[in-house]
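Okay, structure first, notes after.
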Amino acid sequence: MSNFFKETDIDTSQAEAIVTETLKNCDDGELYLENQKSESIVLDDNKIKSSTYNSDQGYGFRAVTGEVVAYSHSNDISKESLRKSSDNLKDTLKSKKGTYNREIPKTNNKYYENINPIESKTFDSKIDLLNSVNNYLRSKGSIVNQVTANFLGEHKSIEIIRSDNQVLKDDRPLVRFNVSVVLEKDGKKETGVYGVGGRQSYDDYLKDGSWKDVCDEAFRIANVNLESKPAPAGEMKVVLGPGWPAILIHEAIGHGLEGDFNRKKTSAFHNLMGQQVASEGVTIVDDGTLHQRRGSLTIDDEGTPTENTVLIENGILKNYMQDRLNARLMGTKSTGSGRRESYKHVVLPRMRNTMMLSGKYSQDEMISSVDKGIFAVSFGGGQVDITSGKFVFNCTEAYEINNGKIGSPIKGATLIGDGPSILKEVSLVGNDMKLDPGIGTCGKAGQGVPVGVAQPSILINKMTVGGTKL
Amino acid sequence: MIRDQEFLRDIASYCIENSKKLGATDVGVKVIHSVSENVSFRNKKLDESNRADSFAVNLTTYIEKKKSSINSSDLSKSNLEKLIERCIDATKITPSDENNSLPDKDLMSKEIRDLNLYDETHYPNDKKIEFLKNVEETASTDEKIVNTEAGFTENKNNFILANSNGFLGGYKTSNFSSSCVAVSRINGAMERDYEFGSTRFLEDMMEPEEIGKIAADKAIKKLGPKKIKSEKIGVIFDKRISKGILSTLASAISASAIARGTSFLKDQINSEVFPNSINIIDDPKIEKGLGSQNFDSEGVETNSLKLVENGILKNYLIDTYYGKKLNLKSNGRSGGTTNLYFENGTLSFKDLLNSEKKFLYITETIGHGGNIITGDYSVGASGFMVEDGELTYPVSEITIAGNFKEMFKNITLANDLEMKYSTNAPTLLINQMTVAGK
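In structure tokens, the structure reads:
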């Protein structure tokens, strides 16, 4: 039984009838229903700055024929509203004729529990913890200039009604806990940011005082940056640390391997399937099935069970990430990568947890092999131009390397590279693969979705470092 | 159909009354309805049509100096009743903060001027399709263009903002926007560029042929870029990105950044931040302006502000909460700037390009490499080399870096300001930045 029609003038079977009737001449489509509860509690400047609770519910009705997508969404779940959407979809596709693809794989796997993290920790205890964070960090001395900490929690229930009454459901918890600290010393200010999260309750990430580890890490990064000197400018060797720096993989090649850009031939990778696109030791997967990870999904937003998709195996391009529409048009199967930010958004092929797997070298071996270069440990965000393949990301913790030794920390700088060629410049792959702490959000076409990344340490032969020092 | 003021007002009043009944001492509420219709084309064929019909209510309740908020898209009274209760419960147990309050009554907007922000014209999807066909037809005339995408969006919006001090105001706005993205190819390598127009009134929209032509010309010009050597050089920012300098300024002079001490412009009020030829204005009352408003997101009256006069920083962007922290009155900038722009410079575009032998001309930046706390700036960039006043060849895979404090002091403006966005700047030169390339 659906929960979405309870207080409305329409019941499940009437909704199913509208869906079946609307989609009868279409290749694909569905009625996607979503209920999302979320909260944000922010401590800033010694005060609880805001506490907000959001409750959003609505539907997105999609009809697809050929390459054309007709979409209509509303937060008014009613007979009249659904009929109006149905008319709108039929009108857009009136000159098209398709055959509905009923096939959709089923799964019994579950990668997270149906808990509501907002309700599983009391409001009081959240406020208490935020105050503890503030006191703990400020007790580290007068160099602590500013502390911000916040809880972000959500519970999303989705229901997908396909033609002929197929119904698919999922309930998704998601939390994030962030700490940001600004330190000031000798008139110089620097920030350190750290966070943790995933598809569990808050306490799974914060229990036994582990919230202090989050604070300590943010403090450590800010402290390192206080000693930083101007970053170098120009091409040099770059060693990336394990874990979160894998946003390099996400930006440099992940986006370029999404099905839509390749079907449209606007990706720099569109004619490279089966070819060598990376050094031999490089294997990259996009995995939606890791337990309780931020980028994991039991089913994607079209109802397809997620999987572990091999993108690059020993340097050879093997697969793109696909949603149903792009898979159909490219003559392949959905990889369970069809995602949307909410019912207000159309489905796009997106990443889940994108990971470069371990090789055999130690980080020490990489650093000692570099005469002049940088060692990048942590990053802010990144961005890519899919068509030209150029991508950037910003270091938030990095050091210079001189004669095989780690030297002074350097100021935040942007690193820029070329997606299709960067992986050929990866000369050593480390044996220390690590997952990121669960904080990533990926933006595409104005839609943000939670994602994860992972990688071991890697040595890149040549990259442009965007510092100020020539 | 967009819902009328009466419908929205009814919900706003319900929220205020019920919150007060449950113990709120003050209440602020915003109720919004928007309807948006989008059509997109790809390679001269219909790609997507999208219709959105959305409601939102944002409610903040106060109990003395305690505060909490809820947002919802479900306007049914049974849902609102539950949420108001939840909001009040959370307010009761949220620690108080002496700066929490509604805006001072005497600062509230008193009258709503018709700023010509609403065009009731409906542009049916068939017309949008006609328009997009013309955009793409023009965009794809050159055989080097291998892919085109174009979109047209029509948006109608109505809102009510109200609070328990008796403020109640709202009005309709509309927006029409159209864009084209063109992909060019030569020898297997591709480049992408775009053009877009955004207006309050349909009649002011650029011609479809113009949008398509500009996108295609720009994408073709970018083909075959080179990576240049690392060097210090004067960098010219194309109008599409020069406005980013103003967005940085706006973040750095927001009362929140100043009060929290996290701005590189802290303590710089009444100091020289730009060369003395520079004036920066934020004017909310421009007719048909994309950033125009009668009052800010708290209902406070907004008027034109000179943020920078003769190079001197004159005003912060102040809301009620951070204003109290700084002992300053709100100047109606809760929600940020409105129509923000540099007053025109004196040099023509051509003279600016000729003012030195060699420049780097940047048309696009990527990445989020600006740090408001330290002022450090480093982003990926692409554009052209300028030699003897002429764009000679395209450049990509480089970064430009500097510090905003230095960059601001080394700005020269051209006189080609256009009011195309809500934030607008003429072409500008920043003398000496570090470019990292080969």
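Residue numbers (numbering that gives the first Met the number 0), protein chains in the order written: chain A, 0 to 469; chain B, 0 to 437.
Glycine residues also receive a C-beta, built at the ideal position from the N, C-alpha and C atoms.
Secondary structure of Thr413/A (DSSP, three-state): strand.
Annotation: the continuous alpha helix (DSSP H) that includes Ser209/A extends over Ser209 to Leu225.
For Val434/B, the enclosing beta strand (DSSP E) begins and ends at Leu427 to Ala435.
In the three-state DSSP reduction, Gly196/A falls in the strand class (E or B).
Out of Asn98/B, Ser163/B, Phe407/B and Lys220/B, the CA that lies nearest to the CA of Pro393/B is found in Lys220/B. Look at the stretch 224-249 of chain A: the residues with a C-beta under 7 Å from a C-beta of chain B are Ala232, Gly233 and Glu234.
Linking Ser49/A to Ile40/A through their CA atoms gives a straight-line distance of about 6 Å.
In the three-state reduction of the DSSP assignment, Leu129/A falls in the helix class.
Below the 8 Å Cβ cutoff, chain B contributes Ile92 as neighbours of Asp123/A, in chain order.
Taking the beta carbon of Ala89/B as reference, the chain A residues within 7 Å of it are Ser50, Tyr52 and Phe122, listed in sequence order. A contact is defined here as three or more CB-CB pairs under 8 Å, and the stretch 295-312 of chain B meets this definition with respect to the stretch 270-283 of chain B. For Ser71/A, the nearest CB of chain B lies under 9 Å from its own CB, placing it at the interface with that chain.
Every beta strand (DSSP E) stretch that sits fully inside the stretch 274-352 of chain A and reaches 3 residues is listed by chain position as 283-286 and 307-312. Any Cβ of chain B closer than 9 Å to the Cβ of Asn177/A would place that residue at the interface, and such an atom is absent.
One finds nothing in chain B with a Cβ atom closer than 8 Å to the Cβ of Thr297/A; even the nearest lies about 25 Å away.
Scanning its chain for C-beta atoms nearer than 8 Å, with the 5 sequence neighbours on each side dropped, one finds around Leu347/A the residues Glu257, Asp259, Asp322, Gly337, Arg338, Arg339, Lys443, Ala444 and Gln446, in chain order. For the pair Leu414/A and Glu16/B, the Cα-to-Cα distance works out to about 54 Å. If you compare the alpha carbons of Gln35/A, Thr106/A and Lys46/A with that of Ser71/B, the shortest gap goes to Gln35/A. Against chain B, the CB of Ile142/A has no partner CB under 9 Å away; the residue lies outside that interface. Listed in chain order, the positions of the stretch 387-398 of chain A with a beta carbon within less than 8 Å of a beta carbon of chain B are Ser387, Lys389, Phe390, Val391, Phe392 and Asn393. By the neighbour-count criterion, in which a residue is buried when 16 or more other Cβ atoms sit within 10 angstroms of its Cβ, Asp3/B is exposed. Less than 9 Å divides the Cβ of Lys468/A from the Cβ of Ala232/A. Cβ proximity to chain A below 7 Å picks out Ile365, Gly366, His367, Gly368, Asn370, Ile372, Thr373, Asp375, Ser377 and Val378 from the stretch 365-378 of chain B. Taking 9 Å as the CB threshold, Ile9/A stays off the interface with chain B. Between the alpha carbons of Leu182/A and Gly437/A lies a distance of about 25 Å. In the structure shown, Asn149/A falls within a strand segment according to DSSP collapsed to helix, strand and coil. The beta-carbon distance between Asn338/B and Ile285/B, rounded to whole angstroms, is 5 Å. This is short enough to meet the 8 Å contact definition. Against chain B, the CB of Gln145/A has a partner CB under 9 Å away; the residue lies at that interface.
The three-state secondary structure of Met355/A, taken from DSSP, is strand. Within chain A, Asn74 have C-beta atoms less than 7 Å from the C-beta of Phe54/B, given in sequence order. Contact residues of the stretch 136-149 of chain B toward chain A are Val145, Asn146 and Glu148 (C-beta to C-beta distance below 9 Å).
Going by beta carbons, Gly403/A and Ile399/B fall outside the 9 Å limit. Around the beta carbon of Gln431/B, fewer than 16 other beta carbons lie within 10 angstroms, which makes this residue exposed. Look at Ile438/A: its C-beta is not under 9 Å from any C-beta on chain B. The C-beta of Ile415/A comes closer than 9 Å to at least one C-beta of chain B. The beta-bridge partner set that DSSP reports for Val272/B is empty.
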